[in-house]
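Trainee: The sequence shown begins at 1 in the UniProt record's numbering and counts up one residue at a time. Ideal Cβ placement from N, Cα and C applies to all residues, glycine included. For clarity, every value in this text was computed on a predicted model and none was experimentally measured. Input: one structure, supplied below.
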Amino acid sequence: MSNPPPQTPTDCRMYESRFPEIDTPVMIQVKSIGDVATHVSLLEYNNIEGMILLSDLSRRRIRSVGSLIKVGRIEPAMVLRVNAEKGYIDLSKKRLSEQDVQICEERYSKSKMVHSIMRHVAETMNVDLEDLYIHVGWPLYRKYGHAVEAFKLIVNNPDSVLGPLTREIKEIGPDGKEVTKVVPALSEDVKDALVSNIRRRMTPQPLKIRADIEMKCFEFDGVLHIKEAMRKAESVGTKECPVKMKLVAPPAYVLTTQTLDKDQGIKVLTNAIAACATSIERHKGKLTVKESPRAVSEREDKLLAEQLYKLGRQNTEVGGDEDSEVEEDMGMGSVDLDSQASSTTD
């Protein structure tokens, strides 16, 4: 086994124990694949090396090693044996259950978040990462089960979490003898940097929930009935979960909301669609759900905004032709986007 690279002040394992416990799933990255074994690094333990025998890759007969494991891949493995003196760690993939995989992935995701914050503070404040873990990270792991739970509390009340943490320092007293003093675990500038990073990385961001529908109404004054249905949909929204409904291009409409609670957002949009459908169906209209309420990415949200902007520009260029188009299409013509949006917020 090759010697590990020399450590720098910003290198450190994620957990207090230097080695993982036997029968514990850990996250590994594949480094090389040999004739009899695969060599990996344990990402949660500062990339110390481990080994997976080819016979421990799968319960099934191995026809192609490449189909089971690839260099660079990050995945869970089960710890079989640990030789702390020699630094040997044997692992297995075939002994992992689905529950083991889920536990490992969830823990690693949390630990990676904590490690990223701790490492950034160590680098920017020029402090030793292991020292930061010794006096802050690992005590929080012990007290809260996982440091990420403590970090969540720090977002709103840092002193309640960081205040009790202390460290001992040696000083020479007036009589020339060495004395031990208990001081806060963090200096004020390092504490401020840690809290700032935690708040920036862990403050919950609102999720964007979106649903796509088609809505038609061929009655006289169909546009007015559609606007009424849109207002009914938006009225379902709450202060924490406001609903907005916009025309994309007849007969396509989109409903959106932002919320910290995904389930709540989906429920509110579902109710908004129901209110909209009830309103338009009273006037012999029809509503069809094309895409059910779901969380959308920033990219999807940006594409929608660009689409609405282009349609708005097109409507502006058309000028005063909107009314005649509406009449020709029996209430389903090109409704002006800007006036439509403003009217729905009255």
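1) From residue 221 to residue 236, what does the alpha carbon distance come to, in whole angstroms?
2) So what's residue 264 in DSSP terms, helix, strand or just coil?
3) To which residues of the same chain is residue 192 closer than 7 Å at the C-beta, ignoring the five residues directly before and after it?
4) Using three-state DSSP, classify residue 322 as helix, strand or coil.
5) Looking at the unbroken alpha helix (DSSP H) that takes in residue 107, where does it start and where does it end?
6) Is the stretch 198-208 close to the stretch 250-264, with three or more CB pairs under 8 Å?
7) Pick helix, strand or coil for residue 195, following the three-state DSSP scheme.
8) Spell out the partners DSSP gives residue 50 in its beta bridges.
9) Rounded to a whole number of angstroms, what is the C-alpha to C-alpha distance between residue 213 and residue 274?
10) DSSP has residue 91 in a bridge; who is on the other side?
11) What is the residue span of the beta strand (DSSP E) that residue 226 lies within?
12) Residue 404: which of 11, 290 and 249 sits nearest, CA to CA?
13) So who's on the other strand from residue 245, going by DSSP bridges?
14) Using beta-carbon positions only, say whether residue 26 and residue 44 come within less than 8 Å of one another.
15) Using DSSP with H/G/I as helix, E/B as strand and the rest coil, what is residue 149?
16) Is the beta carbon of residue 201 less than 8 Å from the beta carbon of residue 254?
17) Run the CB neighbour count on residue 46, radius 10 Å, all protein chains shown included, and call it buried at 16 or more, exposed below.
18) Return the CA-CA distance between residue 156 and residue 21, expressed in angstroms with no decimal places.
19) I'd like to check one pair, residue 166 with residue 185: are the Cβ atoms closer than 8 Å?
20) Under a Cβ-count criterion, where at least 16 other Cβ atoms within 10 Å of its own Cβ denotes burial, should residue 182 be classed as buried or exposed?
21) Throw me the rounded Cβ distance for the residue 38 and residue 79 pair, which I believe falls under 8 Å.
22) For the beta strand (DSSP E) containing residue 165, list its first residue and its last residue.
23) In angstroms with no decimal places, state the Cα-to-Cα distance between residue 13 and residue 131.
24) Closest by CA to residue 75, which one among 16, 264, 57 and 136?
25) DSSP on residue 211, reduced to helix/strand/coil?
Mentor: Quick look at the numbers:
1) Note on geometry: alpha-carbon atoms of residue 221 and residue 236 lie some 24 Å from one another.
2) Helix.
3) So no residue of the chain qualifies.
4) Residue placement at residue 322 is poorly supported in this model, since its pLDDT is 44, which falls under 50; the coordinates are not used for a value here.
5) Residue 107: member of the alpha helix (DSSP H) spanning 98-125, first to last residue.
6) These segments touch.
7) In the three-state reduction of the DSSP assignment, residue 195 falls in the helix class.
8) Answer is 40.
9) In this model, residue 213 and residue 274 are separated by some 11 Å (Cα to Cα).
10) Paired residues: 52 and 79.
11) It is not in any beta strand (DSSP E) - residue 226 instead sits in the alpha helix (DSSP H) that spans 222-235.
12) No information on residue 404 is available, as it lies outside the stretch 1 to 346 that the chain covers here.
13) Note: residue 245 is bridge-paired with 255 in the DSSP secondary-structure output.
14) Closer than 8 Å, so yes.
15) Here DSSP, grouped into helix, strand and coil, assigns residue 149 to helix.
16) Cβ distance not < 8 Å, so residue 201 and residue 254 don't count as in contact.
17) The residue is buried, with at least 16 neighbouring Cβ atoms inside 10 Å.
18) When rounded, the distance between both Cα atoms is 34 Å.
19) Yes, Cβ-Cβ distance for residue 185 and residue 166 is below 8 Å.
20) By the 10 Å Cβ count, residue 182 comes out exposed.
21) Residue 79 and residue 38 do not touch by the CB rule: their CB atoms are close to 15 Å apart, not below 8 Å.
22) Bounds of any beta strand (DSSP E) do not take in residue 165, whose DSSP letter is neither H nor E.
23) The C-alpha of residue 13 lies about 12 Å from the C-alpha of residue 131.
24) Out of 16, 264, 57 and 136, 57 has the C-alpha closest to the C-alpha of residue 75.
25) DSSP places residue 211 within a strand segment (E or B) once states are collapsed to three.
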